[in-house]
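Asks: Here it is, the structure in full.
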Amino acid sequence: MSDMSQEDITTILNILKQIPLMADLNEEDHHEIIKHITLELYPPEHVIFNEGDIGDAFYIIKSGMVRVYHPAASEAEEVEVATLGNNDFFGEMALIGEKPRNASTKTVEETQCFRLAKDDFIQLVSSNPNMASRISKEFLSRLKVNTRNENQG
Numbered sequence: 001m002s003d004m005s006q007e008d009i010t011t012i013l014n015i016l017k018q019i020p021l022m023a024d025l026n027e028e029d030h031h032e033i034i035k036h037i038t039l040e041l042y043p044p045e046h047v048i049f050n051e052g053d054i055g056d057a058f059y060i061i062k063s064g065m066v067r068v069y070h071p072a073a074s075e076a077e078e079v080e081v082a083t084l085g086n087n088d089f090f091g092e093m094a095l096i097g098e099k100p101r102n103a104s105t106k107t108v109e110e111t112q113c114f115r116l117a118k119d120d121f122i123q124l125v126s127s128n129p130n131m132a133s134r135i136s137k138e139f140l141s142r143l144k145v146n147t148r149n150e151n152q153g
């Protein structure tokens with residue numbers, strides 16, 4: 001976190017409050033999370049992760065653009081899911097689950113991302129019972145919704 005400006009910290013705090021998994025956490029919890037976030041710089045056309053990978057981190061875009069897509073045999077056949085830009089986030093469900101990534105991500109241009117490693121997040125939650133309780137509640141709520149949706153589908 002040492003290379004983050006006050007502006008970066010404020011931006012991250014605002015984004016963490018928008019993420020369902022972390023929205024119920026208090027200010028102190030959010031500041032603890034920020035201590036474990038690193039700033040990564042990726043060149044253009046850099047694959048951040050591939051569909052099928054087991055998630056190991058969560059990302060917030062500081063600057064640049066990231067393409068989210070389903071890969072195919074050729075680039076022309078790839079199915080674009082979204083293009084993300086400044087302050088967008090992706091990969092948050094990797095922090096609590098063991099499911100493989102459901103899409104690939106690649107930078108469109110030079111991109112800076114704030115990155116929170118899953119191991120750091122787990123360690124943080126394990127040492128903070130209040131945070132663990134709030135996150136578990138959100139996770140169970142999402143699990144119920146997903147199960148309900150799967151049963152109706």
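Using our numbering, you'd call the opening residue of the sequence shown number 1 and step up by one each time. Glycine is no exception: its CB is placed at the ideal position from the N, C-alpha and C atoms.
#1: Let me know the secondary structure DSSP gives I9 once reduced to three states.
#2: Is it right to say T107 is buried, meaning 16 or more other beta carbons lie within 10 angstroms of its own, or is it exposed?
#3: Under the assumption that A57 contacts R115 (Cβ atoms under 8 Å), give the Cβ distance between them as a whole number of angstroms.
#4: Provide the residue span of the alpha helix (DSSP H) that contains K35, from first to last.
#5: Just the Cα atoms here: how many angstroms apart are P32 and E75?
#6: Put V125 into one of helix, strand or coil per three-state DSSP.
Replies: Let me spell this out:
#1: It is helical.
#2: That one is buried.
#3: With a Cβ gap of about 5 Å, A57 and R115 count as contacting.
#4: That run of the alpha helix (DSSP H) goes 27-35.
#5: For clarity, residue 32 is Glu in the given sequence; the question names Pro instead. It is roughly 40 Å from the alpha-carbon of E32 to the alpha-carbon of E75.
#6: Note: V125 maps to helix in three-state DSSP.
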